[in-house]
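Numbering (the working numbering), first residue to last: 44 to 119.
Below is one structure; the comments refer to it alone.
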């Protein structure tokens with residue numbers, strides 16, 4: 044019984060870390076989506092240099108969240 048309790052505690056910590064990582068990824072995806080939507084809606088009102096910079100950062104974030112979930116830590 045003691046061993047089972049220890050295993051449950053260990054897995055609870057791992058589960059929390061996974062859940063936190065997934066939450067972070069979901070938040071990042073939401074921010075990316077909203078930002079892309081705003082850029083599209085604003086169209087030519089956004090200066091080209093600003094739009095290019097924002098799109099570059101969005102691309103970096105997409106790359107970070109599309110692969111290894113441990114990389115999402117830096118998005119927080």
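Each residue gets a CB set at the ideal place from its N, CA and C atoms; glycine is no exception.
This one's a predicted model, so the numbers in the text were calculated from it and none came from an experiment.
Neighbour-count burial assignment, residue i, 16 or more Cβ in a 10 Å radius
| i | result |
| --- | --- |
| residue 64 | buried |
| residue 61 | exposed |
For residue i, three-class secondary structure by DSSP
| i | result |
| --- | --- |
| residue 99 | helix |
| residue 89 | coil |
| residue 115 | Because the pLDDT at residue 115 is just 49, under 50, the model does not fix this residue reliably, and the value given afterwards should be weighed accordingly. Three-state result, residue 115: helix. |
Residue i - containing alpha helix (DSSP H), residue span
| i | result |
| --- | --- |
| residue 66 | 45-85 |
Exercise for the section: Assess, as a yes-or-no matter, whether the stretch 91-108 is touched by the stretch 57-77 under the definition of 3 or more beta carbon pairs within less than 8 Å. Expected result: Output reads yes: the stretch 91-108 touches the stretch 57-77.
Handout entry: the stretch 97-106 in contact with the stretch 74-83 per 3-pair CB rule at 8 Å
Key = These segments touch.
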